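Asks: In this note's numbering, the protein residues as written are 1 to 581. Using N, Cα and C, we set each Cβ at its ideal position, and we do this for glycine too. Note that the structure is predicted; figures quoted are calculated from it, not measured. I'd like to ask some things about the structure below.
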Amino acid sequence: MKKVNVTINGIQVYVPADYTILQAAREVHIDIPTLCFLKDVNEMGCCRMCVVEVKGSKTLQAACVHPVKEGMEVLTHSAKVMKARKATLELILSNHDGDCQTCTRSWMDCELQVLANKLSVDTIRFQGNPKERLPIDEGISIVRNNNKCILCRRCVSACKKIQTVSVIDTINRGYSTVIGSPFEMPLGETPCVNCGQCINACPVAALAERNQTQEVWDMITDPDLHVIVQTAPAVRAALGEEFRMGIGHAVTGKMATALKMMGFDKVLDTDTGADLTIMEEGTELINRIQNGGTLPLITSCSPGWIKFCEHNFPDLLDNLSTCKSPHMMFGAILKTYYAEKEGIDPDKIRVVSIMPCTAKKFEAQRPEMECDGQRDVDVVLTTRELARMIYDAGIDFVNLGDSDFDDPFGNASGAGVIFGTTGGVMEAALRTVYEVVTGEQTDSIDYEQVRGLEGIKIATIKIGDLEVRAAAAHGLGNARKLLEAVRAGEQFHFIEIMACPGGCINGGGQPLWNSSVRSWRNIRQERAAALYSEDKNSHIRKSHNNPSIKKLYKEFLGAPCEEKSHHLLHTHYNARGYYED
Ligand code: SF4
Ligand code: SF4
Ligand code: SF4
Numbered sequence: 001m002k003k004v005n006v007t008i009n010g011i012q013v014y015v016p017a018d019y020t021i022l023q024a025a026r027e028v029h030i031d032i033p034t035l036c037f038l039k040d041v042n043e044m045g046c047c048r049m050c051v052v053e054v055k056g057s058k059t060l061q062a063a064c065v066h067p068v069k070e071g072m073e074v075l076t077h078s079a080k081v082m083k084a085r086k087a088t089l090e091l092i093l094s095n096h097d098g099d100c101q102t103c104t105r106s107w108m109d110c111e112l113q114v115l116a117n118k119l120s121v122d123t124i125r126f127q128g129n130p131k132e133r134l135p136i137d138e139g140i141s142i143v144r145n146n147n148k149c150i151l152c153r154r155c156v157s158a159c160k161k162i163q164t165v166s167v168i169d170t171i172n173r174g175y176s177t178v179i180g181s182p183f184e185m186p187l188g189e190t191p192c193v194n195c196g197q198c199i200n201a202c203p204v205a206a207l208a209e210r211n212q213t214q215e216v217w218d219m220i221t222d223p224d225l226h227v228i229v230q231t232a233p234a235v236r237a238a239l240g241e242e243f244r245m246g247i248g249h250a251v252t253g254k255m256a257t258a259l260k261m262m263g264f265d266k267v268l269d270t271d272t273g274a275d276l277t278i279m280e281e282g283t284e285l286i287n288r289i290q291n292g293g294t295l296p297l298i299t300s301c302s303p304g305w306i307k308f309c310e311h312n313f314p315d316l317l318d319n320l321s322t323c324k325s326p327h328m329m330f331g332a333i334l335k336t337y338y339a340e341k342e343g344i345d346p347d348k349i350r351v352v353s354i355m356p357c358t359a360k361k362f363e364a365q366r367p368e369m370e371c372d373g374q375r376d377v378d379v380v381l382t383t384r385e386l387a388r389m390i391y392d393a394g395i396d397f398v399n400l401g402d403s404d405f406d407d408p409f410g411n412a413s414g415a416g417v418i419f420g421t422t423g424g425v426m427e428a429a430l431r432t433v434y435e436v437v438t439g440e441q442t443d444s445i446d447y448e449q450v451r452g453l454e455g456i457k458i459a460t461i462k463i464g465d466l467e468v469r470a471a472a473a474h475g476l477g478n479a480r481k482l483l484e485a486v487r488a489g490e491q492f493h494f495i496e497i498m499a500c501p502g503g504c505i506n507g508g509g510q511p512l513w514n515s516s517v518r519s520w521r522n523i524r525q526e527r528a529a530a531l532y533s534e535d536k537n538s539h540i541r542k543s544h545n546n547p548s549i550k551k552l553y554k555e556f557l558g559a560p561c562e563e564k565s566h567h568l569l570h571t572h573y574n575a576r577g578y579y580e581d
């Protein structure tokens, strides 16, 4: 790449010619404030927060989109620049519903608040345009509050460009501009897949998950109920971030201790459900390959992906694995096998899932997710909601000791842990499928071909005489590309799809980071590394070797994909039109 010389605040820097001023300034440790900018998601220079002086230019330029040029001279913090930024921020604030005291983002790093502090905005000189309060769209997973929206359009880009769902956009003009859905329908009635990537992109509290923490406190404090909590793999890789413990730091033991202190009757690991999923899905894959079933088999753990498939690829519904997702499978087992074993009336059991995912809230209330009149899972909380409850309970999380998950399921396998990242479900399945098909035990179980953050990973894996052609896609834009290739005739045996870029580690319910961190640090990679490290250090790294899974089949289920497991652990999906009735 050709390089150019640029002078920023008198400091010379030699940078690639395709850099923006914002990128060049970072090379000399100058932080230009941004608001609408989110690297690789939203780069449009609309908020004017990053304006700088460029010698020879009559107007201020937006550093996030303005390219560098040989000999360019830039001032990033001149008096003129500071004055313009401050005035722009005051104008944004003057139209913002700023009830910070009761706002969830105030507690969790609101980018607008941080910026007001950084720019020393202590008064607002402008009178906002008085507007009627806009209605709040409260969906099953997502809550949209346009009164707090600052029109940065980061959510629009996340939905359109990254997820290719495109159910939100700017509507109206001038002062009436808002972010809206088609025909201003509630998001829940559109093809929104509840992935929450718009929440992750939003710098303020205009988008959030539905808060169900009080529902869970009410369950915990009801003496008649036996409340079980299960936690997904990706939660442990990120929960510590809410307590300022750094990125990529697994807090499995502290999390288990905190959940016990909060009063849950049993603290269990969704990784057990992941091990169960592998037994079922691995068997399904082998059956389909050996008996001429529909291929490729496509994973079904990600509920955002399932809804996307129902709306956009109904012709591929038969390709979906019939397996319920791990926490749903585990919920069904808890209300049957566990209830029977422990002598508890299933009507008195409540299952709470802590998930990195907002779409799991939608999944939990789907009619398909129940068995014999029992909901598989009663409430889903995100990682962020769990953190709020830990704060509510006055628990000093950082200084907690470690605990194990409770019996009778205990700790799960490392294969279950890596479910939380892109390629992980596939790797976990291959570890089991290899040994079942060949009858050989192997230590070569790190399938590097399906690891990493490339959008679509394709690998051919030799299993005995069979060459399994596999692919993993993460982020729905990548999924769409891969599935168009399948429609066009490209052959695969097995495909893993996760709705969120990076997989569950970057789910819509995970801790939020300011764009100045998120744009420049590979948070997904750091969280994934925490999971791979936990897998590496696991005692058991293959799902079929998990002793509690072996016992479950022996005592209750029989064999994978047989009658009982089909009844409890499998389901089916249906095509959806563009709008819900
Ligand atoms: S979004 Fe930020 S600035 Fe607005 S009310 Fe919430 S914390 Fe305050
Ligand atoms: S939840 Fe996902 S699909 Fe729905 S609006 Fe947000 S980004 Fe789009
Ligand atoms: S909802 Fe959030 S991300 Fe979307 S435009 Fe408004 S402030 Fe920006």
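Determine the burial state of R144: buried for a count of at least 16 other Cβ atoms within 10 Å of its Cβ, exposed for fewer.
Replies: Classification for R144: buried.
Asks: Would you say P182 touches ligand 3, meaning its beta carbon is less than 7 Å from a heavy atom?
Replies: Flag unset: Cβ of P182 not near ligand 3.
Asks: By a C-beta neighbour count over all protein chains shown, 10 Å radius and 16 as the cutoff for buried, is M219 buried or exposed?
Replies: Buried.
Asks: What I want to know is whether the C-beta of A470 ends up closer than 7 Å to one or more non-hydrogen atoms of ligand 2.
Replies: The answer is no for A470.
Asks: Using the Cα positions of R639 and P560, report the straight-line distance between them to the nearest angstrom.
Replies: With the chain running from 1 to 581 in the structure shown, residue 639 is simply not present.
Asks: What beta strand (DSSP E) runs, 3 residues minimum, are completely inside the region 111-159?
Replies: Runs of the beta strand (DSSP E) inside the region 111-159: 136-138, 142-145.
Asks: Enumerate in chain order the residues of its own chain whose CB-to-CB distance from G128 is below 7 Å, with the five nearest sequence positions on each side excluded.
Replies: Excluding sequence neighbours, G128 sits near S94, N95.
Asks: Checking the sheet assignment: what are the DSSP bridge partners for I171?
Replies: Note: I171 sits in a beta bridge opposite V178.
Asks: How would you label V6, buried or exposed, when you count the other beta carbons within 10 angstroms and need 16 or more for buried?
Replies: Under this definition V6 is a buried residue.
Asks: With I445 and K542 assumed to form a contact (beta carbons below 8 Å), what rounded beta-carbon distance in angstroms separates them?
Replies: That belief holds up - the Cβ atoms of I445 and K542 are roughly 7 Å apart, short of 8 Å.
Asks: Ordered along the chain, which non-local residues of its own chain (more than five positions away) have a Cβ less than 8 Å from that of E209?
Replies: Cβ neighbours of E209 beyond the five flanking positions: S141, I142, V143, G196, I199, T358, K361, T382, R384, E385, G508, G509.
Asks: What are the start and end residues of the beta strand (DSSP E) that includes T231?
Replies: First-last of the beta strand (DSSP E) with T231: 226-231.
Asks: Run through the DSSP bridge pairs and tell me what D269 is partnered with.
Replies: Answer is T231.
Asks: Using a 10 Å radius around the Cβ and a threshold of 16 neighbouring Cβ atoms, would you call R133 buried or exposed?
Replies: Flag for R133 reads exposed.
Asks: Measuring only the C-alpha atoms, how far is C149 from A429?
Replies: So the two alpha carbons sit approximately 42 Å from each other.
Asks: Thinking C-alpha only, which one of W520, E563, W513, L552 is nearest C202?
Replies: For C202, the nearest C-alpha among the options comes from W513.
Asks: Closer than 7 Å to a non-hydrogen atom of ligand 2 - does that hold for the CB of G507?
Replies: No, the Cβ of G507 stays beyond 7 Å of every heavy atom of ligand 2.
Asks: Pair every Cβ in the region 215-229 with every Cβ in the region 154-166, then say whether three or more of these pairs are closer than 8 Å.
Replies: Contact between the region 215-229 and the region 154-166 is absent, because fewer than three Cβ pairs lie under 8 Å.
Asks: Rounded to the nearest angstrom, what separates V267 and Q491 at their Cα positions?
Replies: Roughly 42 Å between the two C-alpha positions.
Asks: Determine the direct distance from the alpha carbon of F183 to that of E582, and round the result to whole angstroms.
Replies: Only positions 1 to 581 of the chain appear in this structure, which leaves residue 582 out of reach.
Asks: Taking 8 Å as the threshold, find out whether the region 563-579 comes into contact with the region 434-454 through three or more Cβ pairs.
Replies: The answer is no - the region 434-454 does not touch the region 563-579, with fewer than three Cβ pairs under 8 Å.
Asks: Quick check on this structure: which residue in G502, A87, D40 has the alpha carbon closest to the alpha carbon of C47?
Replies: Ranking G502, A87, D40 by Cα distance to C47 puts A87 first.
Asks: What is the chain-ordered set of residues for which the beta carbon lies under 6 Å from any non-hydrogen atom of ligand 4?
Replies: Of the ligands one can find in the structure shown, namely ligand 1, ligand 2 and ligand 3, none is ligand 4.
Asks: Considering only the alpha carbon of each residue, which of I354, N312, G343, E342 lies closest to M328?
Replies: Of I354, N312, G343, E342, the residue nearest in Cα terms is I354.
Asks: Which one of A412, V41, V68 has the shortest CA to CA distance from I8?
Replies: Among A412, V41, V68, the Cα nearest to that of I8 belongs to V68.
Asks: According to DSSP, A474 sits in a beta bridge with which residue or residues?
Replies: For the sequence presented, residue 474 should be read as His rather than Ala. Bridge partners of H474: M498.
Asks: Can you list, in chain order, the residues of its chain whose CB lies under 8 Å from that of G558, leaving out five sequence neighbours each side?
Replies: Result list for G558: K564, S565, in chain order.
Asks: Any heavy atom of ligand 1 closer than 7 Å to the Cβ of D122?
Replies: False, no ligand heavy atom lies under 7 Å from that Cβ.
Asks: Do D402 and G246 have their C-beta atoms within less than 8 Å of each other?
Replies: Cβ atoms of D402 and G246: not closer than 8 Å.
Asks: According to the Cβ coordinates, are G455 and A473 closer than 8 Å?
Replies: Yes, they are a contact pair.
Asks: Return the Cβ separation of D316 and V486 in integer angstroms, given the expectation that the two are a contact with Cβ distance under 8 Å.
Replies: According to the sequence as given, residue 316 is Leu; it is not Asp. At roughly 7 Å, the Cβ-Cβ gap stays under 8 Å, so L316 and V486 are in contact.
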